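J.: Residue numbers (my numbering): 2 to 267. Got a structure for you, questions after.
Printed below as a string of structure tokens:
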């Protein structure tokens, strides 16, 4: 069983700050756990959150909004609001901290549960390990950081293998990692072992150092002309910088995939 790095701070109370029309979610620290532009709650404010939508490039435009999207880690609810209200997908968010869920309902325009939306207070490790969730998900967004934001809370090869099991054939996962953190190469290798190195890509780091990794469950990458058509469709319909994403996407480098002796094991 994949286990979570536990801490007495796992249920740290959520706190808020506001600046220049943007509301931020914190967990008793200076680190931002999420953000929402108050007058545009469906806008994806943070650059790395926008890049968590890069999975859209790997899906045919006609299938873009079909199926089920799952977020592991609610943050300020940006991806959940977007998947539910803009993409109109069946959406599930899994969040361990009840204080975060309460803050999102009260301050971050998170809708109440409906037939298309479920916000579940649960451990993401247990959720992906539950076989009833396997082969059910088209899109999985993984953003699991605690109040210290020192590294992913769940980050084993076993965890990523279970994430893959939740995906249907052709399903896609995006993961937020700190690209300039010492743990990045190890995390990326674990994802590549779980999905296959030919099914994993990374975007260049944001200014803040967030690197989004995209992993696919058996996807054939289309030619560049088709990718450009998809990017144009995403930009026109959803106002996301998809053409820029294409310039930032690259396979994982060999320096990451080639694991030194004795490194990379849990």
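Every residue gets a Cβ at the ideal spot worked out from N, C-alpha and C, and that includes glycine. Because the structure is a prediction, the values reported are computed rather than measured.
State yes or no: is the C-beta of residue 79 within less than 9 Å of the C-beta of residue 130?
T.: For this step, residue 79 is matched to residue 78 along the chain shown. For this step, residue 130 is matched to residue 129 along the chain shown. No. Outside cutoff.
J.: Check the C-beta distance from residue 70 over to residue 140 and give it rounded, since I have them as a contact under 8 Å.
T.: Sequence index remark: in the chain shown, residue 70 carries index 69 (1-based). Sequence index remark: in the chain shown, residue 140 carries index 139 (1-based). Between residue 140 and residue 70 the Cβ distance is about 4 Å, and since that is below 8 Å, they are a contact.
J.: Please list, in chain order, all residues of the same chain as residue 33 whose beta carbon is under 6 Å from its beta carbon, the five residues on each side excluded.
T.: On the chain shown, residue 33 is found 32 positions in, with the first residue counted as 1. Counting only Cβ-Cβ distances below 6 Å, and skipping sequence neighbours, we find 25.
J.: Just reading off the beta strand (DSSP E) that residue 69 is part of, what are its end residues?
T.: Counted from its first residue, the chain shown places residue 69 at position 68. Unbroken beta strand (DSSP E) run through residue 69: 69–73.
J.: Sorted by chain position, which residues of the same chain lie with C-beta nearer than 7 Å to residue 102's C-beta, five sequence neighbours on each side aside?
T.: Against the chain shown, residue 102 aligns to sequence position 101. Excluding residues within five positions, the ones whose Cβ falls inside 7 Å are 75, 96, 120, 122.
J.: Tell me whether residue 311 sits in a helix, a strand or coil according to DSSP, three-state version.
T.: There is no way to answer for residue 311, as the model of the chain reaches only from 2 to 267.
J.: Would residue 165 be called buried (16 or more neighbouring beta carbons within 10 Å of its own) or exposed?
T.: By 1-based counting over the chain shown, the position of residue 165 is 164. Residue 165 should be labelled buried.
J.: Give me the DSSP bridge partner(s) of residue 25.
T.: Along the chain shown, read from residue 1 onward, the residue named residue 25 stands at position 24. Its beta-bridge partners are 18, 36.
J.: Would you mind giving the Cβ-Cβ distance between residue 196 and residue 87, rounded to the nearest angstrom? I have them listed as a contact below 8 Å.
T.: Along the chain shown, one-based indexing puts residue 196 at 195. Along the chain shown, one-based indexing puts residue 87 at 86. Between residue 87 and residue 196 the Cβ distance is about 27 Å, and since that is not below 8 Å, they are no contact.
J.: Here's a check: name, in chain order, each residue in its chain whose Cβ is nearer than 8 Å to the Cβ of residue 223, leaving out the five neighbours to either side.
T.: Numbered from its first residue, the chain shown carries residue 223 at position 222. Excluding positions up to five away in sequence, the list reads 231.
J.: Leaving out the 5 sequence neighbours to the left and right, which residues in its chain are closer than 7 Å to residue 92 when beta-carbon positions are compared?
T.: The residue given as residue 92 occupies position 91 in the chain shown. Taken in chain order, the residues that qualify are 70, 81, 84, 85, 117, 118.
J.: CA-CA distance, residue 8 and residue 128?
T.: Counting from 1 along the chain shown, the entry for residue 8 is found at position 7. Counting from 1 along the chain shown, the entry for residue 128 is found at position 127. Reliability of the predicted coordinates at residue 8 is poor, the pLDDT of 41 falling under 50, and the value obtained from them is presented with this limitation in mind. Their backbone Cα atoms lie some 19 Å apart in a straight line.
J.: Would you list the residues sitting across from residue 121 in a DSSP beta bridge?
T.: As a position in the chain shown, residue 121 is number 120, starting the count at 1. Answer by DSSP bridge pairing, in chain order: 95.
J.: Note the first and the last residue of the continuous alpha helix (DSSP H) segment covering residue 81.
T.: Counted from its first residue, the chain shown places residue 81 at position 80. Where residue 81 is concerned, the enclosing alpha helix (DSSP H) stretches over 79–82.
J.: Taking just the CA atoms, how far does residue 248 sit from residue 22?
T.: Position 21 of the chain shown, counted from the first residue, corresponds to residue 22. Position 247 of the chain shown, counted from the first residue, corresponds to residue 248. Straight-line Cα distance between these residues: approximately 30 Å.
J.: With a 10 Å radius around its C-beta and 16 neighbouring C-beta atoms as the bar for buried, classify residue 20 as buried or exposed.
T.: For the purposes of this step, residue 20 is identified with residue 19 of the chain shown, where counting begins at 1. Residue 20 comes out exposed.
J.: Taking 9 Å as the cut-off, decide whether the C-beta atoms of residue 153 and residue 169 are in contact.
T.: On the chain shown, position 152 is the one that residue 153 refers to. On the chain shown, position 168 is the one that residue 169 refers to. For residue 153 and residue 169, no; Cβs fall outside 9 Å.
J.: In this structure, how does DSSP classify residue 275 when only helix, strand and coil are distinguished?
T.: The displayed coordinates of the chain run from 2 to 267. Any statement about residue 275 would go beyond what the structure contains.
J.: For residue 259 and residue 198, what's the separation of their Cα atoms in angstroms?
T.: Position 258 of the chain shown holds residue 259. Position 197 of the chain shown holds residue 198. Residue 259 and residue 198: Cα-Cα distance of roughly 11 Å.
J.: Looking at C-alpha atoms only, which residue of 105, 52, 100 is the closest neighbour of residue 174?
T.: Counting from one through the chain shown, the residue named residue 174 turns up at place 173. When each option's Cα is compared against that of residue 174, the closest is 52.
J.: Under a three-way DSSP split, which group does residue 239 fall into?
T.: Here residue 239 refers to the residue found at position 238 when the chain shown is read from its first residue. Correct three-state label for residue 239: helix.
J.: Would you mind giving the Cβ-Cβ distance between residue 186 and residue 257, rounded to the nearest angstrom? I have them listed as a contact below 8 Å.
T.: By 1-based counting over the chain shown, the position of residue 186 is 185. By 1-based counting over the chain shown, the position of residue 257 is 256. Indeed, because the Cβ distance is near 5 Å, the residues count as touching under 8 Å.
J.: Considering Cα atoms alone, identify which of 113, 44, 246, 94 is closest to residue 145.
T.: For this step, residue 145 is matched to residue 144 along the chain shown. Out of 113, 44, 246, 94, 94 has the C-alpha closest to the C-alpha of residue 145.
J.: Could you check where the beta strand (DSSP E) with residue 179 kicks off and where it finishes?
T.: Residue 179 sits at position 178 when you count from the first residue of the chain shown. Unbroken beta strand (DSSP E) run through residue 179: 168–179.
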